[in-house]
Amino acid sequence: MSHKNIIETVNEIANHARLNCIAHLHTEDTKLEENIITVNGKPTVHFGSCSYLGLEFNTKIKEAAKNAIDNYGTQFSSSRAYLSPIYYKSLEEKLEKIFDAPTIVAPTTTLGHIAAIPVLVSAEDVVILDHQVHNSVQTATGLVKSKGTRVELLRHNRIDLLEKRIIELRNKYEKIWYMADGIYSMYGDTTPIDEIHKLLDKYPEFHFYVDDAHAMSCFGKNGRGFVLSEHSIHKRMVVATSLNKAFASGGGALIFHDRKTAQLVKNVGGPLITSGPMQPAALGAANATADIHLSDEITIMQEDLQENIKYADMMLKKHGLPNLSNSFSPIFFIAVSLPKVAYSIINKMKKDGFFLNIGIFPAVPIKNTGVRFTITRLHTFKQIDEMIQAMAKNFKSTLIEENVNLDTIYKAFKIKSPLIRETDNKVDSFIKQSKLTIEHYRTIHHVDPIIWNSILGQNGAFDWNALTVLEESFSNNEAKFENWGFDYLIIKDDNQKPILGTFLTSSISKDDLLANKDVSREIENKRFDNPYFMSSKTLLVGSQLTEGNHLYIDRDSSFIKEALEILFAKISKIQIRENISTTMIRDMDATDSVIDSVMMDNGFFKMSVPDNYKVENVNWKSETEFYKNLTKNSKRHYRKFITKHEHKYDLNIIEKPSIEELNHFYELYLNIQQKSLTISTFTLPFKLFKNMALNENWEVLSLNLRKEYDDRLNNKPVAMAFCYKGNNDYSAVIAGIDYEFNSTDFSYRQLLAKVIFRGRALSKKNIALGYTSGIEKKHFGATEIKSCAYTQIKDNFKMEALAIMTTDKKTTNGTNERRVLSI
Amino acid sequence: MELTKEEFCLFNLKSKIQLVEKDGSFLTRRICGDLYLISLYKIYGFFVETTYDISKFRTTGVDPVVNIKIVELYDMPPLNPTG
Chain A
1 MSHKNIIETV NEIANHARLN CIAHLHTEDT KLEENIITVN GKPTVHFGSC
51 SYLGLEFNTK IKEAAKNAID NYGTQFSSSR AYLSPIYYKS LEEKLEKIFD
101 APTIVAPTTT LGHIAAIPVL VSAEDVVILD HQVHNSVQTA TGLVKSKGTR
151 VELLRHNRID LLEKRIIELR NKYEKIWYMA DGIYSMYGDT TPIDEIHKLL
201 DKYPEFHFYV DDAHAMSCFG KNGRGFVLSE HSIHKRMVVA TSLNKAFASG
251 GGALIFHDRK TAQLVKNVGG PLITSGPMQP AALGAANATA DIHLSDEITI
301 MQEDLQENIK YADMMLKKHG LPNLSNSFSP IFFIAVSLPK VAYSIINKMK
351 KDGFFLNIGI FPAVPIKNTG VRFTITRLHT FKQIDEMIQA MAKNFKSTLI
401 EENVNLDTIY KAFKIKSPLI RETDNKVDSF IKQSKLTIEH YRTIHHVDPI
451 IWNSILGQNG AFDWNALTVL EESFSNNEAK FENWGFDYLI IKDDNQKPIL
501 GTFLTSSISK DDLLANKDVS REIENKRFDN PYFMSSKTLL VGSQLTEGNH
551 LYIDRDSSFI KEALEILFAK ISKIQIRENI STTMIRDMDA TDSVIDSVMM
601 DNGFFKMSVP DNYKVENVNW KSETEFYKNL TKNSKRHYRK FITKHEHKYD
651 LNIIEKPSIE ELNHFYELYL NIQQKSLTIS TFTLPFKLFK NMALNENWEV
701 LSLNLRKEYD DRLNNKPVAM AFCYKGNNDY SAVIAGIDYE FNSTDFSYRQ
751 LLAKVIFRGR ALSKKNIALG YTSGIEKKHF GATEIKSCAY TQIKDNFKME
801 ALAIMTTDKK TTNGTNERRV LSI
Chain B
824 MELTKEEFCL FNLKSKIQLV EKDGSFLTRR ICGDLYLISL YKIYGFFVET
874 TYDISKFRTT GVDPVVNIKI VELYDMPPLN PTG
């Protein structure tokens, strides 16, 4: 966005807010009674004040301001470079005691930044701004940027990224300045000060400039603020703070580690030598406030404020309002996502007698708009309780009116819902008690390929390499069903030996995945109008595309049960995070009584699944030898369908198919996908085919009819299989055929034979032929791999509906091809 | 919105007094050794006793009633703690 556009946008938003009567307002009271203000003729409780300790009504401070005017008049107009009134000297001395570090007073915090930053930062330095750092810091940084200093923006509070940038930049720049707020003025969250101190100790080039304005007085010994509450000022740190928020007087302050730097800024910092000084009234007030800070009174006031904050935080939680702020911050931010929602809530609140603020662009991204309010020491529990009750009522009604739901808000802000947070805490505490180490990754790229392949990469098509193709193919797609979430879990014992490993995918799947074909056909008819009819968010151990044992368990380990319990705990976290309806742990050994018992204990029901077929332990050397091993019946089948017709075909092994070839292969796949309803799935995206084509472990077996047997001019392939060359297995994962030639030239059977011989030629131990068509596959020596699935269903309505449909089909047709559940 | 007993106990004395004044219902009171005026309140479905120090002219304690038998010390009919 250009500068001009930003100005226009901000202007438009401000005008809109003004016309909505929530910005640029004035109080109408001639005398304030604590926190009651009259706006637009309506008395309201002020929930937008930054005077968090309510010191503006403190008698001692008011008297001090009046006395200063009596003594020095309304102003003392002289540059501080020449002469300062007596109040400055005493104030700076008091502030040095408060902060326990050299301090200079600035006319405002903003002018403090403008004075300090150009003096501290040179063209040889780099500045990294936190995305949410206060606008006044960004303004001051603009001055050094114009003189050649490199300025970068960092995602809010991403200390991991900050460290990465420090490492990258440390040999290129003299100093690396990170600029942030102590407590952020919008979200009320805090800078991760402990981690920043670690970086300061670790990297000598790293410097920290922090605006702690909103924390002044509220935290730390003598009210020195958030960043200095637990740590003394670091030698490479500068703190700027405000004296006109909780300090309730006026001006700002700059705190330094050493007197030399403080004096440098005082001598050279533009606004400190050329701008007007603070007015005597503000200086008098500031001196009295500083006295309070240096007394025990401040601790009591801080405690009173924290009690109010605690009560507000508790009430917000009880009402389930999405508050983004830290639990001890006086600034609260209720996430609402869209500006129209915030406008509506704030206006309703005003009508109910509460004045709140909007948090909107440019202070926050436009879709991260929120209702911002502050809690001060002046609020009573009754005021807080009534305001939050009104907020809960107005929040709920506005969401309905504006057709926005909580999930949308959580997603817009990338925050966890209270339920997710609660589950996370429970699971985390459960895991913490274990001696086992849990590694949880959201992408295979973060998983060590050697470890992954050693536990799960030997069989099937889900080694490290294959999973990169799956992740790439099932992300950033337009259709919902084409986007999967990936979770990788590795659980290690105290010797760091993996004892359990698996991957899980969350995706939308059809509820009739394994239902009777007739049931699926009936449902498919309804899906013409609604493609997501009878579909649910499903969590699969493994994926919709892969087959085989996706759950590695070290059978020699004595921690199997504990590792499985952790797996279930992790699954419960993912279920809530992804709003999962059905969870399925597939391709399990149906005869394993140990696993069976653990599964049942954890609420998983055993379920029959289609058998898959494999030609195992391939040790024959030639087609003749292969043929010899077949049963008498299969030999007859082989002669009839393979030997008799194989001369009609050419086999092409294609490692890098062209886009035209891919288009045709995709059509062949669609032929099968649309016809076969034994396993009812959504159509695979074409992107998957393109990605498989680019990956060296995938190849396509393509069958063409020789020209003398093909009437068509284009002589396109009549069958194909995308096969994965795994470590032990050769897996035919996706097949496609042109049905026109299947009945006469038996292209599907020819394809099966070619897959088997190709696997043998590559010296693979096993050849995986996938689900369904069992009779055909058995004729080629394949054995059926008996397995089961364990499933957990959040809402069993759909399951029961399917069961009823299945029973209906049995009654009408006299057949029931597959039970929905084995129980 | 009601607080649980545990949540109530997270607050300091000043806040507890505020909560009792805001949400509590006064039930009865007794004098303890001419030194303390102890009042019984019902709040959020449990009982609390406030202790007023007569010599200091201020409330010095607000504590939930842990043992319901304490209620019997008061000159009043038995109370249903959940009612």
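Chains as they are written, first to last, in this note's numbering: chain A, 1 to 823; chain B, 824 to 906.
Note that the Cβ used here is the ideal one computed from N, Cα and C, for glycine as well.
Minimum Cβ-Cβ distance from residue i to chain B less than 7 angstroms
i, result
"E422/A", "no"
"E827/A", "Missing from the structure shown is residue 827/A; chain A here goes from 1 to 823 and no further."
"F395/A", "no"
"K172/A", "no"
"M349/A", "no"
"T815/A", "Any reading at T815/A is ruled out, since the residue's pLDDT is 32, under 50, leaving its predicted position unreliable."
"K497/A", "no"
"R18/A", "no"
"K426/A", "no"
"K318/A", "yes"
"M315/A", "yes"
Reduced DSSP category for residue i - H, G, I as helix; E, B as strand; rest coil
i, result
"M720/A", "strand"
"K809/A", "Because K809/A carries a pLDDT of 49, less than 50, the predicted location of this residue cannot be relied on, and the following value inherits that uncertainty. Helix."
"D587/A", "strand"
"R560/A", "The sequence shown places Ile at residue 560/A, rather than the Arg named in the question. DSSP places I560/A in helix when its eight states are reduced to three."
"G759/A", "helix"
"Y173/A", "coil"
"R372/A", "strand"
"N405/A", "coil"
"C788/A", "strand"
"K260/A", "helix"
"N495/A", "coil"
"S581/A", "coil"
"N5/A", "helix"
"Y178/A", "strand"
"H319/A", "coil"
Any C-beta of chain A under 7 angstroms from that of residue i
i, result
"K865/B", "no"
"S848/B", "no"
"K879/B", "no"
"S838/B", "yes"
"K845/B", "yes"
Selection from the options that minimises the alpha carbon distance to residue i
i, options, result
"K640/A", "D592/A, K764/A, H779/A and G284/A", "H779/A"
"L53/A", "N579/A, R377/A and T538/A", "R377/A"
"N715/A", "E776/A, L688/A, Y649/A and N766/A", "Y649/A"
"N357/A", "A213/A, I331/A, T380/A and E92/A", "I331/A"
"D837/A", "K628/A, N11/A, K221/A and K561/A", "The requested residue 837/A is not part of the displayed model; chain A covers only 1 to 823."
"N890/B", "K839/B, F869/B, G856/B and D846/B", "F869/B"
"G73/A", "N368/A, Y87/A and H379/A", "Y87/A"
"S217/A", "T299/A, E163/A, K606/A and I233/A", "T299/A"
"V885/B", "E825/B, T827/B, C855/B and F834/B", "F834/B"
"T791/A", "M599/A, A768/A and Y184/A", "M599/A"
"F430/A", "A719/A, G542/A and E562/A", "E562/A"
"K172/A", "A180/A, R150/A and I444/A", "R150/A"
Contact belief for residue i with residue j at Cβ below 8 angstroms, rounded distance in angstroms
i, j, result
"K340/A", "N394/A", "Wrong, their Cβ atoms sit about 14 angstroms apart, outside the cutoff."
"K754/A", "L701/A", "5 angstroms"
"T190/A", "F226/A", "6 angstroms"
"L283/A", "A68/A", "6 angstroms"
"I36/A", "H24/A", "Incorrect: roughly 21 angstroms between the Cβ atoms, too far for contact."
"L228/A", "V239/A", "6 angstroms"
"K60/A", "A288/A", "5 angstroms"
"I255/A", "T103/A", "5 angstroms"
"T423/A", "I571/A", "No, T423/A and I571/A are not in contact; Cβ-Cβ is about 11 angstroms, not under 8 angstroms."
Which runs of the beta strand (DSSP E) fall wholly inside the segment 603-658 of chain A and span at least 3 residues, in chain order?
605-608, 612-615 and 649-654
Near-chain D residues of the segment 379-395 of chain A - C-beta to any C-beta below 9 angstroms:
The displayed structure is made up of protein chains A and B, and chain D is not among them.
Identify every run of the alpha helix (DSSP H) within the segment 274-308 of chain A, keeping only runs that are complete inside it and at least 4 residues long; order them along the chain.
280-293
Counting only runs that start and end within the segment 670-737 of chain A, where is the alpha helix (DSSP H) found for 4 or more residues in a row?
686-694
Which runs of the beta strand (DSSP E) spanning at least 3 residues fall entirely within the segment 118-158 of chain A, listed in chain order?
126-130 and 150-154
Could you tell me which uninterrupted beta strand (DSSP E) segments, each at least 3 residues in length, are contained entirely in the segment 855-906 of chain B, listed from first to last along the chain?
859-866, 869-876 and 881-887
Where are the beta strand (DSSP E) runs, 3 residues long or more, that stay fully inside the segment 71-109 of chain A, in chain order?
103-106
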